Amino acid sequence: MNKYELAMVLSPALDEEGRVEEVAKVQATLERFGAKIEKVDDWGKRKLAYEIKKVNEGFLSFTTFEAPANAPAEVEARMRIMENVLRYLIIRKEA
Numbered sequence: 147m148n149k150y151e152l153a154m155v156l157s158p159a160l161d162e163e164g165r166v167e168e169v170a171k172v173q174a175t176l177e178r179f180g181a182k183i184e185k186v187d188d189w190g191k192r193k194l195a196y197e198i199k200k201v202n203e204g205f206l207s208f209t210t211f212e213a214p215a216n217a218p219a220e221v222e223a224r225m226r227i228m229e230n231v232l233r234y235l236i237i238r239k240e241a
């Protein structure tokens with residue numbers, strides 16, 4: 147099992163409940179593929195350096211998790227079709 151960090155930018159159109167729901171959906175997807183979530187860090191609404199899908203701010207969320215090697219690709223495939231996820235990045239952390 148490797149350690150990973152997921153960074154997400156969520157749509158600013160979401161209210162508090164919608165934002166929490168989107169993060170929970172992503173966490174459920176991670177757990178479905180065998181990930182153990184270690185830490186979730188929400189940074190709230192932030193101004194972006196450049197526009198993404200015609201918006202210039204978004205909610206930032208970071209999740210640290212441990213998962214098998216195939217999990218990140220599976221999770222990325224699911225996140226690609228989520229409407230409220232503007233951008234995401236999964237990186238493998240050093241042990």
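Each residue of the sequence shown is one higher than the last, beginning at 147 in this note's numbering.
For glycine and all other residues, C-beta sits at the position ideal for the given N, C-alpha and C.
Remember, predicted model here, so these are calculated numbers, not experimental data.
Would you tell me roughly how many angstroms separate the C-alpha atoms of residue i and residue j, rounded to the nearest one?
i: E220; j: E151; result: 15 Å
i: M228; j: N216; result: 20 Å
i: N202; j: E177; result: 31 Å
i: K185; j: T209; result: 6 Å
Can you have a look at residue i and say buried or exposed, based on whether 16 or more other CB atoms are within 10 angstroms of its CB?
i: E214; result: Note that residue 214 corresponds to Pro in the displayed sequence, not to Glu. Exposed.
i: A195; result: exposed
i: E162; result: exposed
Which first and last residues belong to the beta strand (DSSP E) in which residue i is found?
i: R192; result: K182 to I198
i: M154; result: N148 to L156
i: N202; result: V201 to A213
Taking residue i as part of the alpha helix (DSSP H), name the residues at either end of that continuous run.
i: A174; result: E162 to R178
i: M225; result: A217 to M225
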